[in-house]
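Asks:
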Amino acid sequence: MKSAYRSVMFYIGQKELEMEFKLNKIVGQCRQKCEVMQEKFTEKLEQVHTAYQKMAKRCQMMEQEIESLSKDKQELQEKFAEKS
């Protein structure tokens, strides 16, 4: 009886170890997939951030250009008003 009990307990222990091994393997695979996805997301985020910085700089330059053109327009209008 003790022998049968020990055999059953050993079998259960082996099955638990087998399940734990499979679970750890699956967790490892999921972790790898998550790391790869995180790297891709980080890379994409860096690209978006760089593009945003370029556009912000471009907008700033365009605002300066608009300001400069507005000043030129105002000066020309003043000169034209003086001549009229």
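Quick note on numbering: the UniProt record's numbering labels position 50 of the sequence shown as 50, and the sequence is numbered without any gaps. Ideal Cβ placement from N, Cα and C applies to all residues, glycine included.
Might you give, ordered along the chain, the residues of its own chain that have their beta carbon closer than 6 Å to the beta carbon of LYS79, omitting 5 neighbours on each side?
Replies: Closer than 6 Å at the Cβ level, and outside the excluded window around LYS79, lies no residue.
Asks: Could you give the first and the last residue of the continuous alpha helix (DSSP H) run that contains MET1?
Replies: Counting along the chain, MET1 falls outside any alpha helix (DSSP H), and DSSP gives it neither H nor E.
Asks: In whole angstroms, give me the CA-to-CA distance for LYS57 and GLU63.
Replies: About 10 Å.
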